[in-house]
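Following this note's numbering, the residues of the sequence shown are numbered contiguously, the last one being 154.
Yeah, the Cβ is synthetic: ideal placement off N, Cα and C, and Gly gets one too.
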Amino acid sequence: MENNNFDYWNYRIIKKIDKEISNYYIHEVYYNKNNEIVSWTEKSILPYGESLVELRNDIFYFMSAFKYPVLKETEKNGDVILIEDEIQKTKLTKWHHFEVMDRMSVVLSHFDDFVASHPVIRKDKKLQKKSQKISGLMYKFYNKLSGIFFK
4 MENNNFDYWN
14 YRIIKKIDKE
24 ISNYYIHEVY
34 YNKNNEIVSW
44 TEKSILPYGE
54 SLVELRNDIF
64 YFMSAFKYPV
74 LKETEKNGDV
84 ILIEDEIQKT
94 KLTKWHHFEV
104 MDRMSVVLSH
114 FDDFVASHPV
124 IRKDKKLQKK
134 SQKISGLMYK
144 FYNKLSGIFF
154 K
């Protein structure tokens, strides 16, 4: 399904059903300037790196696929197209709020551990100040989430 006539692409999760078993894969999905899907990779994409750092970065980019609804292949007028998987549209419960708080705590921890504590940031006062501002905003966001959860 690959196509070179696109404006941008991103990683997306595509659900495929094999013998009534759902399997989820990461694919590159290509869009036109109207944000319409024009094609996607036929085979799923595997993480790759020529070094451990490159591999880690590739896996990190794969994680961006979780920001979007899961897609599934279907036929329309004889063509295979991608649509949002209806099963993924769930009603929010209190556990969803707990989950997002948990994820936010991971983000905060990673930001502090991997970005704010990096020598480049620690040695530059301007970058330290920006880093502290970002961290402060993330903590405010986390506190806002906890206010929703504990209502």
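Taking only the alpha-carbon atoms, compute the straight-line gap between residue i and residue j and give it to the nearest angstrom.
{"i": "residue 121", "j": "residue 22", "result": "48 Å"}
{"i": "residue 53", "j": "residue 59", "result": "10 Å"}
{"i": "residue 116", "j": "residue 134", "result": "12 Å"}
{"i": "residue 29", "j": "residue 18", "result": "9 Å"}
{"i": "residue 63", "j": "residue 57", "result": "10 Å"}
{"i": "residue 9", "j": "residue 20", "result": "27 Å"}
{"i": "residue 67", "j": "residue 113", "result": "16 Å"}
{"i": "residue 128", "j": "residue 106", "result": "29 Å"}
{"i": "residue 147", "j": "residue 104", "result": "10 Å"}
{"i": "residue 3", "j": "residue 119", "result": "Absent from the model: residue 3. The displayed extent of the chain is 4 to 154, so no value can be given."}
{"i": "residue 125", "j": "residue 142", "result": "20 Å"}
{"i": "residue 110", "j": "residue 123", "result": "20 Å"}
{"i": "residue 65", "j": "residue 48", "result": "9 Å"}
Using the rule of at least 16 other Cβ atoms within 10 Å of the residue's Cβ for burial, across every protein chain shown, is residue i buried or exposed?
{"i": "residue 75", "result": "buried"}
{"i": "residue 15", "result": "buried"}
{"i": "residue 11", "result": "exposed"}
{"i": "residue 51", "result": "exposed"}
{"i": "residue 33", "result": "buried"}
{"i": "residue 43", "result": "buried"}
From the DSSP output, in three-state form, read off residue i for me.
{"i": "residue 124", "result": "helix"}
{"i": "residue 73", "result": "coil"}
{"i": "residue 20", "result": "strand"}
{"i": "residue 84", "result": "strand"}
{"i": "residue 64", "result": "helix"}
{"i": "residue 3", "result": "Residue 3 cannot be examined here, being either before or after the span of the chain that is shown, 4 to 154."}
{"i": "residue 137", "result": "helix"}
Identify which residue in the options has its Cα closest to the Cα of residue i.
{"i": "residue 41", "options": "139, 27, 13, 29", "result": "13"}
{"i": "residue 72", "options": "102, 88, 119", "result": "88"}
{"i": "residue 61", "options": "31, 20, 25", "result": "31"}
{"i": "residue 144", "options": "47, 57, 56, 108", "result": "108"}
{"i": "residue 95", "options": "38, 34, 151", "result": "151"}
{"i": "residue 25", "options": "102, 136, 90", "result": "90"}
{"i": "residue 100", "options": "140, 142, 149", "result": "149"}
Which residues bound the alpha helix (DSSP H) around residue i?
{"i": "residue 112", "result": "97 to 113"}
Return the first residue and the last residue of the beta strand (DSSP E) that residue i is part of.
{"i": "residue 42", "result": "40 to 43"}
For residue i and chain C, any beta-carbon pair shorter than 8 Å?
{"i": "residue 71", "result": "Given the protein chain composition of this structure (a single chain), no chain C is represented."}
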